[in-house]
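> Using this note's numbering, the first residue of the sequence shown is number 7, and each one after it goes up by one. From the three backbone atoms N, C-alpha and C, an ideal C-beta is built for every residue, glycine too. All figures in this text were calculated on a predicted structure; none of them were measured in a lab. Take a look at this one; I'll ask things after.
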Amino acid sequence: MLAGNHLQQLPASLSQCHQLELIRIAANRLTELPQWLLSLPRLTWLAYAGNPMESAIDLAALDATPNIPWSQLQLQQSLGEGASGVIHQALWEQPSPPVRTVAVKLYKGSMTSDGSPLHEMNACITAGQHANLIKVEGRVVEHPQARAGLVMQLIDPGYRNLAGLPSLASCTRDVYEDGTRFSVAVALRIACGIASVAAHLHQQGITHGDLYAHNILWNTEGDCLLGDFGAASFHPASDSVESRALQRIEVRAFGILLGELLERIEPGLSAESREQLEALQRHCCQPEVLARPGFVEIGEELQAAIFISQRSSCRKPLNPPDRQTCPARHRGCRGLRGRLRLLPFARRSNR
Numbered sequence: 007m008l009a010g011n012h013l014q015q016l017p018a019s020l021s022q023c024h025q026l027e028l029i030r031i032a033a034n035r036l037t038e039l040p041q042w043l044l045s046l047p048r049l050t051w052l053a054y055a056g057n058p059m060e061s062a063i064d065l066a067a068l069d070a071t072p073n074i075p076w077s078q079l080q081l082q083q084s085l086g087e088g089a090s091g092v093i094h095q096a097l098w099e100q101p102s103p104p105v106r107t108v109a110v111k112l113y114k115g116s117m118t119s120d121g122s123p124l125h126e127m128n129a130c131i132t133a134g135q136h137a138n139l140i141k142v143e144g145r146v147v148e149h150p151q152a153r154a155g156l157v158m159q160l161i162d163p164g165y166r167n168l169a170g171l172p173s174l175a176s177c178t179r180d181v182y183e184d185g186t187r188f189s190v191a192v193a194l195r196i197a198c199g200i201a202s203v204a205a206h207l208h209q210q211g212i213t214h215g216d217l218y219a220h221n222i223l224w225n226t227e228g229d230c231l232l233g234d235f236g237a238a239s240f241h242p243a244s245d246s247v248e249s250r251a252l253q254r255i256e257v258r259a260f261g262i263l264l265g266e267l268l269e270r271i272e273p274g275l276s277a278e279s280r281e282q283l284e285a286l287q288r289h290c291c292q293p294e295v296l297a298r299p300g301f302v303e304i305g306e307e308l309q310a311a312i313f314i315s316q317r318s319s320c321r322k323p324l325n326p327p328d329r330q331t332c333p334a335r336h337r338g339c340r341g342l343r344g345r346l347r348l349l350p351f352a353r354r355s356n357r
């Protein structure tokens with residue numbers, strides 16, 4: 007954890023740390039990311055916001071975000087507290103009815119191990135809208151103590167964290183509750199949802215930096231939301247070797263998540279689908295950073311695995327692959343029972 011110092015460069019000896027998986031170098035004075043850092047074979051979670059070399063924030067997105075006066079908000083119970091701030095349930099008395107129940111996150115303003123909480127707020131806004139992101143309603147203004155804050159959608163209480171934080175024993179790996187199991191449909195929906203939102207973020211020039219199961223909320227249907235942008239960083243949205251390397255570092259985090267889901271999947275996944283998904287997981291985690299797939303390609307591979315799984319679990323012939331619904335809706339069909347909804351992915355590019 008090197009965030010919040012005055013580092014102008016990283017020690018070259020770090021280039022020999024081939025087992026390094028997580029590093030926090032946000033809010034320093036780094037003018038570039040060394041090439042050796044971007045090629046470390048196991049680097050998975052990288053936060054570098056608040057350095058001179060970080061790409062400029064999309065000011066247009068910030069300017070387009072509505073301002074919500076503090077006087078329109080009535081805080082209620084606390085929903086949780088993290089290193090960067092406190093989240094409350096609140097009533098939002100809009101100028102025109104009705105009153106809405108929302109979540110309000112007030113940022114602490116102090117440096118955390120990930121970096122500046124204000125960078126987190128900017129990343130949440132710039133990320134935009136996506137089905138697997140928590141919607142930002144607006145930015146808090148006119149707070150009596152001048153605290154920064156965001157007004158966000160209130161998450162249904164049926165959502166819960168996919169896993170717990172890493173322990174001293176697990177080191178960089180999340181801790182799942184004993185006996186955690188996922189149906190085939192739920193596991194694949196979670197994987198598709200996270201791949202889709204990661205592709206969206208990368209297209210906005212954002213790396214999440216902390217793509218972990220403990221930062222994913224999910225429900226029993228497999229709907230999921232990626233949260234906690236405390237380690238998010240900005241990079242050029244245009245294609246470059248550095249941008250691709252930063253994105254492929256995050257792909258390894260997804261590969262670890264996919265492996266954790268596969269370890270806990272209930273019986274019902276066909277041997278062919280499992281073989282394809284395990285091959286994808288290995289591809290995401292291979293040591294050659296730039297040889298890893300991008301998230302658009304990952305999404306296509308996941309959807310191919312879904313169709314294979316549907317085909318093997320359905321008594322009737324598989325519908326044409328351009329029909330994006332589960333054939334298990336057929337009467338008398340067994341298996342996924344139509345619960346999978348395939349997610350749209352952008353057309354594959356060289357990114």
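If you reduce the DSSP assignment to three classes, tell me which class F235 lands in.
As a first step, residue 235 is located in the sequence shown; it is residue number 229 there, counting from the start. Coil, per DSSP.
> What would DSSP say about C290, mapped onto helix, strand or coil?
In the sequence shown, counting from the first residue as 1, residue 290 sits at position 284. Reduced to three states, the DSSP call for C290 is helix.
> So the candidates are A32, Q41, L194; which of them puts its Cα closest to the Cα of L20?
Within the sequence shown, numbered from 1, the residue matching residue 20 stands at position 14. Closest option to L20, Cα to Cα, is Q41.
> Going by C-alpha to C-alpha distance, which of Y218, G236, H206 sits closest to P136?
Sequence index remark: in the sequence shown, residue 136 carries index 130 (1-based). A small fix is needed here, since residue 136 is His in this sequence, not Pro. Closest option to H136, Cα to Cα, is H206.
> Quick check on M158: buried or exposed, where buried means 16 or more other Cβ atoms within 10 Å of its Cβ?
By 1-based counting over the sequence shown, the position of residue 158 is 152. Looking at its Cβ environment, which holds 16 or more other Cβ atoms inside 10 Å, M158 is buried.
> Are the Cβ atoms of L217 and I161 separated by less than 8 Å?
As a working note, residue 217 is residue 211 in the sequence shown. As a working note, residue 161 is residue 155 in the sequence shown. Not a contact, by the Cβ cut-off of 8 Å.
> Taking the alpha-carbon positions, what's the Q100 to E126 distance?
For this step, residue 100 is matched to residue 94 along the sequence shown. For this step, residue 126 is matched to residue 120 along the sequence shown. Answer to the nearest angstrom: the Cα atoms are 25 Å apart.
> Taking the CB atoms as reference points, tell me whether I304 and A201 lie closer together than 8 Å.
Your numbering for residue 304 matches position 298 in the sequence shown. Your numbering for residue 201 matches position 195 in the sequence shown. Yes, Cβ-Cβ distance for I304 and A201 is below 8 Å.
> How about V110 and V146: are their beta carbons less than 8 Å apart?
Translated into the one-based positions of the sequence shown, residue 110 becomes position 104. Translated into the one-based positions of the sequence shown, residue 146 becomes position 140. Closer than 8 Å, so yes.
> Between the alpha carbons of L232 and A133, how many angstroms are there, rounded?
Here the question's residue 232 lines up with position 226 in the sequence shown. Here the question's residue 133 lines up with position 127 in the sequence shown. Approximately 11 Å, taken between the alpha carbons.
> Got a sec, what are the start and stop residues for the alpha helix (DSSP H) E266 sits in?
As a working note, residue 266 is residue 260 in the sequence shown. Its alpha helix (DSSP H) spans residues 247 to 269.
> Is the distance from the Cβ of H220 to the Cβ of E256 below 8 Å?
Stepping through the sequence shown from its first residue, residue 220 is reached at position 214. Stepping through the sequence shown from its first residue, residue 256 is reached at position 250. Against a cut-off of 8 Å, the Cβ pair of E256 and H220 comes out as no contact.
> For F313, which beta-bridge partners are listed by DSSP?
Translated into positions along the sequence shown, residue 313 becomes position 307. Answer is none; F313 lacks a bridge partner.
> Comparing C-alpha positions only, which one of E27, L46, P47, Y54 sits nearest to Q14?
Residue numbering aside, residue 14 sits at position 8 when the sequence shown is read from its first letter. Among E27, L46, P47, Y54, the Cα nearest to that of Q14 belongs to Y54.
> Comparing alpha-carbon positions, which option in L264, A311, H12, E272 lies nearest R288?
Sequence index remark: in the sequence shown, residue 288 carries index 282 (1-based). Per the Cα distances, L264.
> Helix or strand or just coil, what does DSSP make of H94?
Here residue 94 refers to the residue found at position 88 when the sequence shown is read from its first residue. Here H94 sits in strand by DSSP.
> Would you kindly check if the distance between the Cβ of S61 and the Cβ of P242 is under 8 Å?
The residue given as residue 242 occupies position 236 in the sequence shown. The residue given as residue 61 occupies position 55 in the sequence shown. Result yes, Cβ atoms of P242 and S61 sit closer than 8 Å.
> Check I63 in the structure and name its three-state DSSP category.
Indexing the sequence shown from 1 puts residue 63 at position 57. Of the three classes helix, strand and coil, the one that applies to I63 here is coil, per DSSP.
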